[in-house]
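Q:
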Amino acid sequence: MKASVFLAILLVFGTAACTEREQSLYQGKVQNGEPAYKGTGVSAFTAPGWTPGDRNSWAQELKSRTQQGQNEYNRVN
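The sequence shown maps to residues -11 to 65 in our numbering.
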């Protein structure tokens, strides 16, 4: 009897520890309907070669970042 009660309590607390709040309730100022190439509107987050709102310059900036800055093979050699 004690073992089954202990096991039930352990199961309840064990599963309660694994829960996570739903993040959609805590969005803040994020506007989910905007495309990524629109930018944040803050100049500190704008790369020098990128024009916010221009999809082609956004694609070119991502392409150059993957080729130059985020390619480990190019960075090491």
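Don't be surprised by glycine CBs; every beta carbon is placed ideally from N, CA and C.
#1: Only counting the same chain, and skipping five residues up and downstream in sequence, which positions put a Cβ closer than 6 Å to that of Y25?
#2: Counting along the chain, where does the alpha helix (DSSP H) carrying S52 start and finish?
#3: By the three-class DSSP mapping on this structure, what secondary structure does V64 have?
#4: Pick helix, strand or coil for T39, following the three-state DSSP scheme.
#5: If contacts are defined as beta-carbon pairs under 8 Å, then G41 and T34 qualify, I think. What distance do you get, rounded to the angstrom?
#6: Assuming E49 and W38 are in contact, meaning their beta carbons sit under 8 Å apart, how far apart are those beta carbons, in whole angstroms?
#7: My output table needs one value for T34: the three-state DSSP class, helix, strand or coil.
A: Concretely, from the data shown:
#1: R43 and W46
#2: R43 to S52
#3: helix
#4: The answer is coil: DSSP assigns T39 none of H, G, I, E or B.
#5: Their Cβ separation, rounded to whole angstroms, is 11 Å, which puts G41 and T34 out of contact at 8 Å.
#6: About 4 Å separates the CB atoms of E49 and W38; that is less than 8 Å, so the two are in contact.
#7: Correct three-state label for T34: coil.
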